[in-house]
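K.L.:
Number of protein chains: 2
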Amino acid sequence: MAKRKVVRRKTPTPPASNTKSRVKLSPRDRKTMDALTGLADGVVRAATKRRDPHVDIPSRTLTNARYSSRKRIIEMGNKTNRRELFNLSQAKSYMQTMLVASGCKRLVEQGKTTSIRGLYYLLKHTIEGTKENTFDEQSDCDPVIEDTEVLLSSLREELHLYADKRGEMVGNITLTDSGDEIDCSRMGSGGYAVPSIVEPEVIQLDRKKCDAKFVLHVEKGTVWQRFNEDKFWKKHNCILTHGAGQPPRGVRRMLNRLHHELKLPVYCVLDNDPWGYYIYSVIKQGSINLAFESQRMAIPEAKFLGLRSIDMERCDLSSGVQIALNDTDRKRAKQIAAYPWFEKKRDWQREIQRMLKNDFKLEVEALISKDISYVTEVYVPERLKKRDWLD
Amino acid sequence: MAKRKVVRRKTPTPPASNTKSRVKLSPRDRKTMDALTGLADGVVRAATKRRDPHVDIPSRTLTNARYSSRKRIIEMGNKTNRRELFNLSQAKSYMQTMLVASGCKRLVEQGKTTSIRGLYYLLKHTIEGTKENTFDEQSDCDPVIEDTEVLLSSLREELHLYADKRGEMVGNITLTDSGDEIDCSRMGSGGYAVPSIVEPEVIQLDRKKCDAKFVLHVEKGTVWQRFNEDKFWKKHNCILTHGAGQPPRGVRRMLNRLHHELKLPVYCVLDNDPWGYYIYSVIKQGSINLAFESQRMAIPEAKFLGLRSIDMERCDLSSGVQIALNDTDRKRAKQIAAYPWFEKKRDWQREIQRMLKNDFKLEVEALISKDISYVTEVYVPERLKKRDWLD
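Protein chains in written order, with the working numbering: chain X, 1 to 391; chain E, 392 to 782.
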């Protein structure tokens, strides 16, 4: 679709390394900047020694992820893939890696952040004298961003990139966000929209400003709304969060910080289906694809309150609320049961086998068939009181 | 998948009309309740007169929607569809309509709200002595909810139902949400998550607590974040909203109230593609499917700031940012150009023809190829200063 060939560098836009709006860097930004310039220095060093420049990028495959039973998180192994400039099949991705790094440097220098879509547009251009684009599609850029994260051991957020933002928070806590005091107990029916970047430079947590005794994390916004409307967090003195499905990085990192810095236990209320189990698994142990970030995202002590595959009988639900499992569900359930962190847990094996035997799944909303507020007034309080959860 | 047949009414759950938690009704709730009980009274009246009970439901088809060029909104016509109890092909939907109305009555009485998913579960049960479910799927229930809305001339929100919640708000306004004062100028990097239900019982707006002079509505959260990070709303004294794509009802109703009650002009920054045009169309004139709600949702004075199909040249963008139109895009563009409210506007015809001639679309994020903050520092301020928009 390139009708006209415009070379971006020749337009009167500011050059990539413009300094007009450089800002004072935070200690964390300085660290990220050191990593970024270190990468560039490596190229220069190789060139002056007349060696071929290359980078060794840690492998992000399943075979390079392993579960540490001591730390109880998924960690990344030591395997790396070499990417060389003077290698016809690797030159493009080598250049793309450098380009992403230079784009992130520009963001950090200017004290600005952008979405991964924004970075893609920032870096996309036709290479002078060719018809070749730096990136053709967003999907060309995304894996390179992840490569850069693992290469520099920097979270995406530290590279000033943000992911989609979803999820909200209310409860007995006051935090500081970019200098504004946010009292999460005075958010009305709305809620505080959890930012994508919740690193300490942006969000400050203070133990003295948190009365809440635990965090209740629910899967969906609609369920969250039921808990918020019933002021569950006020009655039970807690913080209430949701992640609109699989929680985005901002919410996961926020949960991690609430747990580790404020010592709050985290309880999850998710659907009784393989997807719900998987959400719990990611919150608890980290994700396989992004194993390198587990240490700052995972919460090995998180508990699974429900829904449980025994709830059909335990709560005496109407059969109408059952949703039949499909083949994908069955396959996913078996995969999840085989995860090393579930494999040796008898409770979890029993839970998953029971769901497979049921051959149906249950959404949290199914509890409404008992009563509109059954989930907030009976189900969750009972589980908490009896300390009845899966670990 | 119904393995056991459980009749919900026989379980020890509270009956549908339980009164344990009846609350004092607001004037609006009383009005909704009158409509709901009026519907039930109609059935009783017909029965005592030994006539066949029926309801006449306004038709929600395209042929029953018309554009009022005087009010500049899409309105619903007078066509109705009769639904009779003693008619084999209509009995089920007649019963479903009554069931939805009874579920909403229960919600209003208890002063609670739920999602459309929640209502589905609340009402789903196997009819005693049969294998028939009241609803088999969510998709059986959703159109009946819309029927009930038009039948009773009650917005979904007045029936205590909420849709998916998306979208955020920041800016120079303080509002009251369920008794909590929300200062939208002190939301940090996060933002106030706009609730699904923003009716005056929940959200109170006060002209004295609003310094903002206009509303800037952007399509996506990632773009919103750029504007928020650059404190656009502070520099330009405005309110900044987004709707995560097609704005949900809560955001549309909020924009409508900000416009009509606080007299704030609404400017939209959307992608230059048929979807962006359509979002603008819905914000401005209302949607065809839900024409009956236009009066309380539409903003005929809303302006379209961009992106424009002339922006490629006007902003001297790199060709790399173009995204080729596909057949669906071309078809949609022609449909939109033929909408009565665009049909007679020369500017809009030129705009859409130009996009078709370009044969590419442009996302707002494309402007980042000029500079990270080009959209907030140049593009939008210029358009506003020159009063350069489409109407």
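For each residue, glycine too, the CB sits at the ideal point set by N, CA and C.
Spatial neighbours of R723 of chain E within its chain, please: CB distance less than 6 angstroms, with the 5 preceding and 5 following residues excluded, ordered by chain position.
P.N.:
Cβ neighbours of R723 of chain E beyond the five flanking positions: P665.
K.L.:
At which residue ranges does the stretch 545-603 of chain E contain complete beta strand (DSSP E) runs of 3 or more residues, listed in the order of the chain?
P.N.:
With a minimum length of 3 residues, the continuous beta strand (DSSP E) runs that stay inside the stretch 545-603 of chain E are 559-562, 565-568, 571-574.
K.L.:
Does the beta carbon of V194 of chain X sit closer than 8 angstroms to a beta carbon anywhere in chain E?
P.N.:
Answer yes: the Cβ-Cβ gap between V194 of chain X and chain E drops below 8 angstroms somewhere.
K.L.:
Can you give me the C-alpha to C-alpha distance between M187 of chain X and A584 of chain E, rounded to a whole angstrom?
P.N.:
Those two C-alpha atoms are separated by around 9 angstroms.
K.L.:
Along chain X, which residues have their Cβ under 7 angstroms away from the Cβ of H516 of chain E?
P.N.:
Result: S318, G320.
K.L.:
Enumerated in chain order, which unbroken segments of the alpha helix (DSSP H) with a length of 4 residues or greater are wholly contained in the stretch 591-674 of chain E?
P.N.:
Listed in chain order, they are 612-620, 623-626, 640-653.
K.L.:
Once DSSP output is grouped into helix, strand and coil, what is the label at S115 of chain X?
P.N.:
The answer is strand: DSSP assigns S115 of chain X an E or B state.
K.L.:
What number of angstroms, rounded off, separates the C-alpha of K284 of chain X from the C-alpha of E146 of chain X?
P.N.:
C-alpha separation (whole angstroms): 21 angstroms.
K.L.:
Would you kindly check if the distance between the Cβ of I57 of chain X and the Cβ of L151 of chain X is under 8 angstroms?
P.N.:
Yes, the Cβ-Cβ distance between L151 of chain X and I57 of chain X is below 8 angstroms.
K.L.:
Beta carbon of S309 of chain X, beta carbon of N358 of chain X: below 8 angstroms?
P.N.:
For S309 of chain X and N358 of chain X, yes; Cβs fall inside 8 angstroms.
K.L.:
Compute the distance between the beta-carbons of C659 of chain E and K611 of chain E, then report whether it is under 8 angstroms.
P.N.:
Cβ distance not < 8 angstroms, so C659 of chain E and K611 of chain E don't count as in contact.
K.L.:
Excluding five sequence neighbours on each side, which residues of the same chain lie with their C-beta closer than 6 angstroms to the C-beta of Q322 of chain X?
P.N.:
Cβ within range, chain order: F360.
K.L.:
Determine the burial state of T454 of chain E: buried for a count of at least 16 other Cβ atoms within 10 Å of its Cβ, exposed for fewer.
P.N.:
Counting Cβ neighbours within 10 Å, T454 of chain E comes out exposed, since fewer than 16 surround it.
K.L.:
Using a Cβ-Cβ cutoff of less than 8 angstroms, which residues in the same chain neighbour A337 of chain X once the five nearest sequence positions on both sides are dropped?
P.N.:
E343, W348, Q349, I352, Q353.
K.L.:
Is the beta carbon of M33 of chain X less than 8 angstroms from the beta carbon of K105 of chain X?
P.N.:
Yes.
K.L.:
Leaving aside the five residues before and after N81 of chain X along the sequence, list all residues of the same chain whose C-beta is less than 6 angstroms from its C-beta, in chain order.
P.N.:
Answer for N81 of chain X: I57, S59, listed in chain order.
K.L.:
Just to make sure I have the definition right: I need the residues of chain E whose C-beta is within less than 7 angstroms of the C-beta of V380 of chain X. Which are they?
P.N.:
Correct list: empty, because the minimum Cβ distance to chain E is about 16 angstroms.
K.L.:
Can you name the residues of chain E whose CB is closer than 7 angstroms to the CB of V202 of chain X?
P.N.:
By Cβ distance, chain E contributes S580.
K.L.:
Leaving out five residues before and five after I670 of chain E in sequence, what residues of the same chain have Cβ atoms less than 6 angstroms from its Cβ?
P.N.:
Once the five neighbours on either side are set aside, the close Cβ partners of I670 of chain E are Q637, L661.
K.L.:
Below 8 angstroms, can you find three or more Cβ-Cβ pairs linking the stretch 617-637 of chain E to the stretch 598-607 of chain E?
P.N.:
Taking 8 angstroms as the limit for Cβ pairs, the verdict is that the stretch 598-607 of chain E does touch the stretch 617-637 of chain E.
K.L.:
Between the stretch 160-173 of chain X and chain E, which residues of the former have a C-beta closer than 8 angstroms to a C-beta of the latter?
P.N.:
Listed in sequence order: Y162, D164, K165, E168.
K.L.:
Check each candidate in E:Y553, E:L550, E:V589, E:N619 and name the one with the smallest Cα separation from S576 of chain E.
P.N.:
Ranking E:Y553, E:L550, E:V589, E:N619 by Cα distance to S576 of chain E puts E:N619 first.
K.L.:
Could you tell me whether the Cβ of N524 of chain E comes closer than 8 angstroms to any Cβ of chain X?
P.N.:
Cβ-Cβ to chain X under 8 angstroms: yes for N524 of chain E.
K.L.:
How would you list, in chain order, the residues of chain E whose beta-carbon sits under 7 angstroms from the beta-carbon of Y121 of chain X?
P.N.:
The answer, in chain order, is V712, E756, A757, I759, S760.
K.L.:
Starting from D41 of chain X, follow the beta strand (DSSP E) in both directions and report where the run begins and ends.
P.N.:
Element bounds for D41 of chain X: not the beta strand (DSSP E) but the alpha helix (DSSP H), 27-48.
K.L.:
Could one say the Cβ of R336 of chain E lies closer than 8 angstroms to chain X's Cβ atoms, at least one of them?
P.N.:
Residue 336 of chain E lies beyond the range of chain E shown here (392 to 782); nothing can be said about it.
K.L.:
Give a yes or no on whether the C-beta atoms belonging to A456 of chain E and G468 of chain E are separated by under 8 angstroms.
P.N.:
Going by C-beta atoms, A456 of chain E is nearer than 8 angstroms to G468 of chain E.
K.L.:
What's the gap between the Cα of P12 of chain X and the Cα of P248 of chain X?
P.N.:
At P12 of chain X the pLDDT is 41, less than 50, meaning the model places this residue with poor confidence; the figure from the coordinates comes in the next sentence. Using only the alpha carbons, I get a separation of about 37 angstroms.
K.L.:
Taking 8 angstroms as the CB-CB limit, is Q744 of chain E close to chain X?
P.N.:
For Q744 of chain E, the answer is no, since every Cβ of chain X falls outside 8 angstroms of its Cβ.
K.L.:
Does the beta carbon of T521 of chain E come closer than 8 angstroms to any beta carbon on chain X?
P.N.:
Cβ-Cβ to chain X under 8 angstroms: no for T521 of chain E.
K.L.:
Look at the Cβ atom of E75 of chain X, then the Cβ atom of A291 of chain X, and state whether they are nearer than 8 angstroms.
P.N.:
Cβ atoms of E75 of chain X and A291 of chain X: closer than 8 angstroms.
K.L.:
Please name the residue or residues paired with D311 of chain X in a DSSP beta bridge.
P.N.:
D311 of chain X pairs with nothing; no bridge assigned.
K.L.:
State the beta-bridge partners of W75 of chain X as determined by DSSP.
P.N.:
In the sequence as presented, Trp is not what sits at residue 75 of chain X; that position holds Glu. Paired residues: X:R66.
K.L.:
So, helix, strand or coil for V535 of chain E, using DSSP?
P.N.:
It is helical.
K.L.:
Which class does I448 of chain E belong to by DSSP, given the choice of helix, strand or coil?
P.N.:
Three-state DSSP puts I448 of chain E in a strand.
K.L.:
Are any of the Cβ atoms in chain X nearer than 8 angstroms to that of K503 of chain E?
P.N.:
Yes, its Cβ sits closer than 8 angstroms to a Cβ of chain X.
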